Amino acid sequence: MAMRRVTVPLVAGLVVVVLSLLAEHCWADGGGPSLAERVIWAVNAGGEAHTDMHGINFKKDPLEGKLGKASDYGVRLPILRSSPEDQILYQTERYNEDTFGYEVPIREEGDYILVMKYAEVYFAQSQQKVFDVRLNDHVVVKDLDIFERVGHSTAHDEIVPFSIRRGKLSVQGEVSTFNGKLTVEFVKGYYDNPKVCALYVLKGTLDDVPKLQPHPGLEKREELEEEEDEETEAGEEGGKKSTTTAPKYRVQSGPRTPNPYAADNSSLMFPILVAFGVFIPTLFCLCRL
């Protein structure tokens, strides 16, 4: 009888273990929630509702008629790095003349990713629109200059991982109390107005975030930056610390400007002209004598 009492709990425990292993196996084989199902909140800022190629349902902007201004100026432009069916997410935007933002309710603990979509469709140079992004008072993106990052009419995603556990929000090494609402703010800076084209919150990790299409120019620039970082680290490790910092983006210099005086022989003729100037008046005076 005692043996039977011990065996029942053991069997029950083994069943639970087997079921959990099967669940993990099914999740690994793609049996878990899809990407779209793990997105807990998504908004097409300044635009209408849209379902993207991954099945993410972006809702119509809840700030319409309440805060900031919506713009569809970008609809006249093709957006590089974005699929044709999802370009609308980068062609519309909401901006404001002061700091503005969105509130995202989060009820479950876990690891999350905030994805913010941008494209510069108006300015044609850097230092025209620069702003910060805050997450519950934590500055998670500093001095965002979209044109400087990717150029004109090109998709750019800012991706910020964070976690919520035991009533605490952890992001980029900082921790604060979490009250159930995630506040995403676009902070007014010195250059023009803050904006956003679309954004969503995903429960998952960085590996779950869909990547933008490749951009050859950007890839080359990123490779150059990585090489410069490696050279800097190697120099510091070898005790050869550079006293000057090279610009991050090198500008190729053009041909040397030719010396405008290279073929000018006037400097050789000057002494001869002076000699004639002195000789002629002297000769005139002698002849009068």
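Those letters in the sequence shown? Residues -28 to -1, 1 to 261, by mature numbering (1 follows the signal peptide of the UniProt record, and there is no 0).
Idealized CB from N, CA, C, for every residue including glycine.
What you are looking at is a predicted structure, and each value in this text was computed from that prediction instead of being measured.
Rounded separation between residue i and residue j - CA only
{"i": "residue 270", "j": "R10", "result": "In the structure displayed, the chain extends from -28 to 261; residue 270 sits before or after that span and is not available."}
{"i": "T64", "j": "S148", "result": "33 Å"}
{"i": "N165", "j": "R138", "result": "36 Å"}
{"i": "residue 264", "j": "I85", "result": "Given a span of -28 to 261 for the chain in the structure shown, any question on residue 264 remains unanswerable."}
{"i": "K31", "j": "E69", "result": "23 Å"}
{"i": "residue 267", "j": "L52", "result": "With the chain running from -28 to 261 in the structure shown, residue 267 is simply not present."}
{"i": "Y221", "j": "G4", "result": "Legend: pLDDT at Y221 = 36, less than 50; position of this residue unreliable, no value from coordinates given."}
{"i": "R66", "j": "E157", "result": "12 Å"}
{"i": "P133", "j": "A17", "result": "21 Å"}
{"i": "Q100", "j": "K167", "result": "13 Å"}
{"i": "S135", "j": "K183", "result": "21 Å"}
{"i": "S55", "j": "A21", "result": "17 Å"}
{"i": "V143", "j": "F150", "result": "12 Å"}
{"i": "P50", "j": "K38", "result": "29 Å"}
Neighbour-count burial assignment, residue i, 16 or more Cβ in a 10 Å radius
{"i": "M25", "result": "exposed"}
{"i": "Q59", "result": "buried"}
{"i": "E80", "result": "exposed"}
{"i": "Y62", "result": "buried"}
{"i": "A170", "result": "buried"}
{"i": "G40", "result": "buried"}
Neighbourhood of residue i by C-beta distance below 6 Å, restricted to the same chain and skipping five residues each side
{"i": "L7", "result": "H26"}
{"i": "S239", "result": "The predicted model places S239 with a pLDDT of 42, which falls under 50 and marks its position as unreliable, so this point remains unresolved."}
{"i": "S98", "result": "D117, F119 and E120"}
{"i": "residue 294", "result": "Any question about residue 294 goes unanswered here, given that the chain covers just -28 to 261."}
Beta-carbon contacts of residue i that lie in its chain and below 8 Å, excluding the five residues immediately before and after
{"i": "E146", "result": "H110"}
{"i": "P34", "result": "V15 and Y74"}
{"i": "G152", "result": "P77, I78 and R79"}
{"i": "L116", "result": "Y90, V102, F103, D104, V105 and E130"}
{"i": "Y162", "result": "V102"}
{"i": "E57", "result": "D24 and M25"}
{"i": "I28", "result": "L7, A8, V11, A14 and Y172"}
{"i": "A96", "result": "F119 and H124"}
{"i": "L178", "result": "I85, I131 and P133"}
Supposed contact pair residue j and residue i - C-beta distance, whole angstroms, cut 8 Å
{"i": "K140", "j": "G82", "result": "13 Å between Cβ atoms; not a contact."}
{"i": "V181", "j": "V87", "result": "6 Å"}
{"i": "N108", "j": "T71", "result": "At roughly 14 Å, the Cβ-Cβ gap does not stay under 8 Å, so N108 and T71 are not in contact."}
Contact set for residue i: own chain, Cβ-Cβ below 7 Å, skip 5 residues either direction
{"i": "E36", "result": "A42"}
query: With a cut-off of 8 Å, do at least 3 Cβ pairs link the stretch 173 to 192 to the stretch 37 to 50?
result: By the Cβ criterion, the stretch 173 to 192 is not in contact with the stretch 37 to 50, since fewer than three pairs of Cβ atoms, one from each stretch, lie closer than 8 Å.
- prompt: So does the stretch 117 to 126 actually touch the stretch 77 to 95, counting three or more Cβ pairs closer than 8 Å?
  reply: Yes, the stretch 117 to 126 is in contact with the stretch 77 to 95.
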